[in-house]
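Okay, so here's the structure we're looking at.
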Amino acid sequence: MNINDLEKALDQSLNQFSIEMQSKVNSAKGEPLNEYDIDDIARNVFYTMNDFKANIVKYLKENNK
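Heads up, the sequence shown is in the working numbering, so the first residue is 33 and it goes up one at a time.
Set out below in structure tokens:
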């Protein structure tokens with residue numbers, strides 16, 4: 033993995049997060065978010081951060097030889 037691959041992987045994670053959050057916000061228009069919505073948002077934040085971590089660690093391992 034090179035720096036361009038890392039950037040692409042991180043962009044993919046961000047795009048997926050953006051899609052998930054847009055669908056959540058669009059489905060809640062006019063209604064306040066409830067605890068289940070907040071749990072779902074928190075879960076998606078975790079998944080995105082975990083993807084970031086995995087890709088950064090992979091990049092560092094491959095380039096720290």
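A virtual CB, placed ideally from N, CA and C, is assigned to each residue, including glycine.
Using 8 Å for Cβ pairs, my map puts E94 next to M33. What's the rounded Cβ distance?
5 Å
Thinking C-alpha only, which one of D83, Y91, N96 is nearest Q44?
D83
For R75, I'd like the list of residues in its chain whose CB is within less than 8 Å of its CB, leaving aside the five on either flank, ordered along the chain.
none
Taking buried to mean at least 16 other C-beta atoms within 10 Å of its own C-beta, is N47 buried or exposed?
exposed
Roughly how far, in whole angstroms, is the beta-carbon of Y79 from the beta-carbon of L38, given that I think they are within contact range, below 8 Å?
In fact, because the Cβ distance is near 18 Å, the residues do not count as touching under 8 Å.
Assuming K104 and I73 form a contact by the criterion Cβ under 8 Å, report the distance between their Cβ atoms to the nearest whole angstrom.
Here the chain has residues from 33 to 97 only, and residue 104 is not among them.
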